[in-house]
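A.B. asks: Structure below; questions to follow.
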Amino acid sequence: DAGVTQSPTHLIKTRGQHVTLRCSPISGHKSVSWYQQVLGQGPQFIFQYYEKEERGRGNFPDRFSARQFPNYSSELNVNALLLGDSALYLCASSSYRAMNTEAFFGQGTRLTVV
Amino acid sequence: DQQVKQNSPSLSVQEGRISILNCDYTNSMFDYFLWYKKYPAEGPTFLISISSIKDKNEDGRFTVFLNKSAKHLSLHIVPSQPGDSAVYFCAASAIIQGAQKLVFGQGTRLTINP
Chain A
1 DAGVTQSPTH LIKTRGQHVT LRCSPISGHK SVSWYQQVLG QGPQFIFQYY
51 EKEERGRGNF PDRFSARQFP NYSSELNVNA LLLGDSALYL CASSSYRAMN
101 TEAFFGQGTR LTVV
Chain B
1001 DQQVKQNSPS LSVQEGRISI LNCDYTNSMF DYFLWYKKYP AEGPTFLISI
1051 SSIKDKNEDG RFTVFLNKSA KHLSLHIVPS QPGDSAVYFC AASAIIQGAQ
1101 KLVFGQGTRL TINP
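Taken in sequence, the protein lines are chains A and B.
All letters in the first sequence, in the order written, are residues 1 to 114 by this note's numbering.
All letters in the second sequence, in the order written, are residues 1001 to 1114 by this note's numbering.
Take a look at the structure:
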């Protein structure tokens, strides 16, 4: 069975540009969450989607947005990129709304803003 | 406000000995605690979790202990193996500002020496 897949694995963008990151959860998982991990820190929660609805967002500016599609895949969009947006973006899926027992992470997308 | 803290950025242990990784938290609303292992260029891999109503959970070489009164948990790895060398993240789960999310510590880099 395929795990959580994210694309692309790496990309480089210029300040002010827009980026779209994609995530396919494990088959049967309806909850997808996005996390940002900057170097030397733990992942920080950005969004959670469950059954195609946003269930919550973390302390990130409105430049960050996301959506979940009918097949439960998800996109994370970031507008007006800043140098500080350079990070590893992780997608996690779980079979329940609550991520209590375990959440499975993809390999991440490494975004570099120059 | 760092609600989950891993105060040791690194730990070095001899192969075959016990590795003990520590984590402290401040929010009493956390209902589950999870440990993840992360290799470079990969997403975090789930290791083990524990409910806030338990004080111990064991899975093979991995045991997690929870001390609610001290708001402290630890991960024990016995015996330690070279393949255990990675960054370990402690995470806590709760509904915060309407979202079911994981709050991560900063991570501890574990190195197992042969």
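Each residue gets a CB set at the ideal place from its N, CA and C atoms; glycine is no exception.
Using a Cβ-Cβ distance under 8 Å, would B/G1083 count as near chain A?
C.D. replies: no
A.B. asks: Quick test of your reading: A/F105 and A/V4, contact by CB under 8 Å. State the CB separation rounded to the nearest angstrom.
C.D. replies: Contact between A/F105 and A/V4 holds, since their C-beta atoms are separated by about 6 Å, short of 8 Å.
A.B. asks: Measuring only the C-alpha atoms, how far is B/D1031 from B/D1059?
C.D. replies: 20 Å
A.B. asks: Report back the beta-carbon spacing between B/S1085 and B/L1110 to the nearest angstrom; my notes put them in contact at under 8 Å.
C.D. replies: 6 Å
A.B. asks: With distance defined between alpha-carbon atoms, name the residue in B/S1052, B/V1103 and B/I1020 nearest to B/K1071.
C.D. replies: B/S1052
A.B. asks: So B/E1042 contacts chain A; which residues on that side make the cut at Cβ distance below 9 Å?
C.D. replies: For B/E1042, the chain A residues whose Cβ falls inside 9 Å of its Cβ are F105, Q107 and G108, in order along the chain.
A.B. asks: I need the DSSP call for A/L88, collapsed to helix, strand or coil.
C.D. replies: strand
A.B. asks: Against chain B, which members of the region 14-31 of chain A pass a CB distance test of less than 9 Å?
C.D. replies: S31
A.B. asks: So, does the CB of A/Q41 fall closer than 8 Å to a CB anywhere in chain C?
C.D. replies: The structure shown contains no chain C; the protein chains it does contain are A and B.
A.B. asks: With a cut-off of 8 Å, do at least 3 Cβ pairs link the region 21-40 of chain A to the region 82-95 of chain A?
C.D. replies: yes
A.B. asks: Which chain B residues are close to A/G56, counting only those with a beta carbon under 9 Å from its beta carbon?
C.D. replies: I1095, I1096, Q1097, G1098, A1099, Q1100 and K1101
A.B. asks: Is A/G56 helix, strand or coil by DSSP?
C.D. replies: strand
A.B. asks: Just to confirm the assignment, what range does the beta strand (DSSP E) spanning A/Y50 have?
C.D. replies: Q44 to Y50
A.B. asks: Distance, Cα to Cα, A/L83 vs B/P1040?
C.D. replies: 22 Å
A.B. asks: Quick check: what's the CA-CA separation for A/T20 versus A/S94?
C.D. replies: 22 Å
A.B. asks: Three-state secondary structure (DSSP) at B/D1084?
C.D. replies: Here B/D1084 sits in helix by DSSP.
A.B. asks: As a quick exercise: from A/R63, A/H29 and A/L81, pick the residue whose alpha carbon is nearest that of A/A2.
C.D. replies: Minimum Cα distance to A/A2 is reached at A/H29.
A.B. asks: Helix, strand or coil: which one does DSSP assign to B/L1110?
C.D. replies: strand
A.B. asks: Name the chain B residues that come within less than 9 Å of A/S33, Cβ to Cβ?
C.D. replies: Per Cβ cutoff of 9 Å: A1099, Q1100, K1101 and L1102.
A.B. asks: By alpha-carbon positions, which one of B/N1113, B/C1090 and B/T1108 ends up nearest to B/Q1003?
C.D. replies: Ranking B/N1113, B/C1090 and B/T1108 by Cα distance to B/Q1003 puts B/C1090 first.
A.B. asks: Between which residues of its own chain and B/N1007 is the CB-CB distance below 8 Å, once the five residues before and five after are set aside?
C.D. replies: N1022 and D1024
A.B. asks: Using a Cβ cut-off of 8 Å, pull out every chain A residue sitting near B/Q1106, in sequence order please.
C.D. replies: G40, Q41 and G42
A.B. asks: Determine the extent of the beta strand (DSSP E) in which A/R15 is found, giving its start and end residues.
C.D. replies: That residue, A/R15, is in no beta strand (DSSP E); it is neither H nor E in DSSP.
A.B. asks: Roughly how many angstroms separate the alpha carbons of A/H10 and B/F1065, rounded to a whole number?
C.D. replies: Rounded to the nearest angstrom, the two C-alpha atoms are 37 Å apart.
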